[in-house]
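Residue numbers (our numbering), protein chains in the order written: chain E, 1 to 185; chain S, 1001 to 1283. Ideal placement from N, C-alpha and C gives every residue a C-beta, glycine not left out. The structure displayed is predicted, hence computed values, not measured ones. Notes follow the structure.
So this is what it looks like as structure tokens:
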């Protein structure tokens, strides 16, 4: 059985200005985080039950809390998975979905089974791959997109910088520094 | 090409090829062009001075000088352009980077900033801001919201309800920003939407700044009894997003109000392993 009361309670406690602005003692800030985390777990069960009921299919639903740091074990390892996008707004929205994935090519289908345009983009700074596709979600509703790896295909790794390019970019960057040092900023 | 520009149907953003910093924004739909320079700076946190022993701390923002210092005057850049996204990755320093993004159909520029762990090896507390400098003649005025609803007009070194004797030219002009801050010259408006509450201000005409992260070494003697200094001495890093909208002043509210709602009530993602779930019905 899911339960949203613990999270409600945690959010109520966190109306304190110290929680909103992070200006409490460290151990209090840590306890605020603990209360939120403890409240979130039974909420995931509640959300899963609601999605099973509304979609008519009981799945092992997974919540990736670290998408903003491109971490999501399921999308980074599974050969195929579903993405349920829930829209809390009372109007239809289009949203670009970004998910960290393995070095493959993927096929994305919308709820009607039609293939939607998608891209796998390599993040320059971290070499992480991210799958992008645009999701259209109804007002106060959800859409289920299915993602599957195209067997035998791998995404083009970013061409390694040749030694020449490496030294060129080094020269460029050092040149920048020198030019800034020389030129009044 | 030497020219660094990202663009979609509505917006284009141009970067200085020498420094890698944002230098211009265009609203292609309304034919608006605004030189906008954006960079990260940091205020050196006060530890008290001859005027007052008040240090910068959890409850008090008090820089020890009016002028912030550059995190870096240039950024190493990488460009990613595909059919579904155009983005410029800017690396300012080991502890400050940003991705400037444009998706098709989007009427705002997305700046995903990543700041931290803020180095304090020099024994200076630091209060990091993202600052937008433009040529808009704003006459000392700027606007911040109150909980995403009411927009309040702010005037530098002024309070509407009492005769202000300004003793803190920076902190005394900082205001809470819950969802947006904007500046306008009456024709064009530059709005920045935030994904969390931040401190913000406009300390000179055409300029707008938001504080994104702080790391301090002194308690401010207001009751917390410890500095705003994350534990384990490693310091935290923070990632957030600023959405930048350039509009005609007359029509700007439609843009930022609808977009702010989409940010506040953004779609939530839930994943499930591929298909094959058990049919589920009430019975």
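Inset, instruction - Assign residue 1200 of chain S to buried or exposed, taking buried as 16 or more other Cβ atoms, counted over all protein chains shown, within 10 Å of its Cβ. - result: Sequence index remark: in the second chain, residue 1200 of chain S carries index 200 (1-based). Buried.
Inset, instruction - Establish whether the CB of residue 4 of chain E and some CB of chain S are separated by less than 9 Å. - result: Here residue 4 of chain E refers to the residue found at position 4 when the first chain is read from its first residue. It does not: the Cβ of residue 4 of chain E has no partner Cβ on chain S nearer than 9 Å.
Legend entry - residue 46 of chain E versus residue 62 of chain E - alpha carbon distance: Start at 1 with the first residue of the first chain, and residue 46 of chain E comes out as number 46. Start at 1 with the first residue of the first chain, and residue 62 of chain E comes out as number 62. Going by the C-alpha atoms only, they are around 13 Å apart.
Inset, instruction - With DSSP collapsed to three states, give me the class of residue 1145 of chain S. - result: Numbered from 1 along the second chain, position 145 holds the residue referred to as residue 1145 of chain S. Three-state DSSP puts residue 1145 of chain S in a strand.
Inset, instruction - Kindly indicate which three-state DSSP category residue 1162 of chain S falls into: helix, strand or coil? - result: Counting from 1 along the second chain, the entry for residue 1162 of chain S is found at position 162. Three-state DSSP puts residue 1162 of chain S in a strand.
Inset, instruction - Compile a chain-ordered list of the residues in the segment 1129-1150 of chain S whose CB is closer than 9 Å to at least one CB of chain E. - result: none
Legend entry - Buried versus exposed call for residue 17 of chain E [16 or more other C-beta atoms within 10 Å across all chains shown]: As a working note, residue 17 of chain E is residue 17 in the first chain. So residue 17 of chain E counts as exposed.
Inset, instruction - Return the CA-CA distance between residue 1040 of chain S and residue 1280 of chain S, expressed in angstroms with no decimal places. - result: Locating residue 1040 of chain S in the second chain gives position 40, where the first residue counts as 1. Locating residue 1280 of chain S in the second chain gives position 280, where the first residue counts as 1. Looking at the two C-alpha atoms, the distance is approximately 52 Å.
Inset, instruction - For the alpha helix (DSSP H) containing residue 100 of chain E, list its first residue and its last residue. - result: Taking the first residue of the first chain as 1, we reach residue 100 of chain E at position 100. Here residue 100 of chain E belongs to no alpha helix (DSSP H); instead the beta strand (DSSP E) covers 93-101.
Inset, instruction - Report the three-state DSSP secondary structure of residue 1282 of chain S (helix, strand or coil). - result: Position 282 of the second chain, counted from the start, is the residue given in the question as residue 1282 of chain S. Of the three classes helix, strand and coil, the one that applies to residue 1282 of chain S here is coil, per DSSP.
Inset, instruction - Starting from the beta carbon of residue 75 of chain E, find every residue of chain S whose beta carbon is closer than 9 Å, and list them in chain order. - result: Your numbering for residue 75 of chain E matches position 75 in the first chain. The answer, in chain order, is 1271.
Legend entry - Selected residue, minimal CA-CA separation from residue 82 of chain E, among E/1, E/11 and E/148: As a first step, residue 82 of chain E must be located in the first chain, where it is residue number 82. Here the closest residue by C-alpha is E/148.
Legend entry - Own chain, CB closer than 8 Å to residue 1282 of chain S, minus 5 neighbours either side, in chain order: Position 282 of the second chain, counting from 1, holds the residue named residue 1282 of chain S. No residues qualify anywhere along the chain.
Inset, instruction - Measure from the alpha carbon of residue 1214 of chain S to the alpha carbon of each residue in S/1178, S/1061, S/1146 and S/1177, then state which is nearest. - result: What you label residue 1214 of chain S is simply residue 214 of the second chain in a count that begins at 1. Taking only the C-alpha atoms, the option nearest residue 1214 of chain S is S/1061.
Inset, instruction - Would you mind stating whether residue 86 of chain E and residue 51 of chain E have Cβ atoms separated by less than 9 Å? - result: As a first step, residue 86 of chain E must be located in the first chain, where it is residue number 86. As a first step, residue 51 of chain E must be located in the first chain, where it is residue number 51. Yes.
Legend entry - Among S/1155, S/1178, S/1252 and S/1164, the one whose alpha carbon lies nearest that of residue 1205 of chain S: As a first step, residue 1205 of chain S is located in the second chain; it is residue number 205 there, counting from the start. The residue with the shortest Cα to Cα distance from residue 1205 of chain S is S/1155.
Legend entry - residue 9 of chain E (DSSP reduced to helix, strand or coil): By 1-based counting over the first chain, the position of residue 9 of chain E is 9. Three-state DSSP puts residue 9 of chain E in a helix.
Inset, instruction - State the DSSP-derived secondary structure class of residue 53 of chain E, mapped to helix, strand or coil. - result: Reading the first chain from its first residue, position 53 is the one you call residue 53 of chain E. Three-state DSSP puts residue 53 of chain E in a helix.
Inset, instruction - Would you list the residues sitting across from residue 1113 of chain S in a DSSP beta bridge? - result: Counting from 1 along the second chain, the entry for residue 1113 of chain S is found at position 113. Note: residue 1113 of chain S sits in a beta bridge opposite S/1098 and S/1240.
Legend entry - DSSP-derived helix/strand/coil call for residue 48 of chain E: Within the first chain, residue 48 of chain E is the residue found at index 48, counting from 1. Residue 48 of chain E falls in the helix class under three-state DSSP.
Legend entry - Simplified DSSP state of residue 113 of chain E, which is helix, strand or coil: Within the first chain, numbered from 1, the residue matching residue 113 of chain E stands at position 113. Of the three classes helix, strand and coil, the one that applies to residue 113 of chain E here is coil, per DSSP.
Inset, instruction - Leaving aside the five residues before and after residue 22 of chain E along the sequence, list all residues of the same chain whose C-beta is less than 7 Å from its C-beta, in chain order. - result: By 1-based counting over the first chain, the position of residue 22 of chain E is 22. So the qualifying residues of the chain are 29.
Legend entry - C-alpha gap between residue 79 of chain E and residue 1063 of chain S, whole angstroms: By one-based count along the first chain, residue 79 of chain E stands at place 79. By one-based count along the second chain, residue 1063 of chain S stands at place 63. Whole-angstrom Cα-Cα distance: 52 Å.
Inset, instruction - Using beta-carbon positions only, say whether residue 1242 of chain S and residue 1195 of chain S come within less than 9 Å of one another. - result: Taking the first residue of the second chain as 1, we reach residue 1242 of chain S at position 242. Taking the first residue of the second chain as 1, we reach residue 1195 of chain S at position 195. It is a contact, given that the beta carbons lie within the stated cut-off.
Inset, instruction - Sort E/145, E/126 and E/137 by Cα distance to residue 91 of chain E and report the nearest one. - result: Numbered from its first residue, the first chain carries residue 91 of chain E at position 91. Among E/145, E/126 and E/137, the Cα nearest to that of residue 91 of chain E is on E/137.
Legend entry - Boundaries of the beta strand (DSSP E) in which residue 18 of chain E is found, first to last residue: As a first step, residue 18 of chain E is located in the first chain; it is residue number 18 there, counting from the start. Element bounds for residue 18 of chain E: not the beta strand (DSSP E) but the alpha helix (DSSP H), 17-21.
Legend entry - Euclidean distance between Cα positions of residue 1228 of chain S and residue 24 of chain E: In the second chain, residue 1228 of chain S corresponds to position 228, counting from 1. In the first chain, residue 24 of chain E corresponds to position 24, counting from 1. Looking at the two C-alpha atoms, the distance is approximately 8 Å.
Legend entry - Short CB-CB distance (under 9 Å) between residue 15 of chain E and chain S: Position 15 of the first chain, counted from the start, is the residue given in the question as residue 15 of chain E. With its beta carbon at least 9 Å from every one in chain S, residue 15 of chain E lies outside the interface.
Inset, instruction - Taking only beta-carbon positions, decide if residue 1091 of chain S is within less than 9 Å of chain E. - result: Residue numbering aside, residue 1091 of chain S sits at position 91 when the second chain is read from its first letter. Yes - at least one Cβ of chain E is within 9 Å of the one on residue 1091 of chain S.
Legend entry - Through-space distance from residue 1186 of chain S to residue 1071 of chain S, alpha-carbon basis: For the purposes of this step, residue 1071 of chain S is taken as the residue at position 71 of the second chain. For the purposes of this step, residue 1186 of chain S is taken as the residue at position 186 of the second chain. The straight-line gap from Cα to Cα measures roughly 32 Å.
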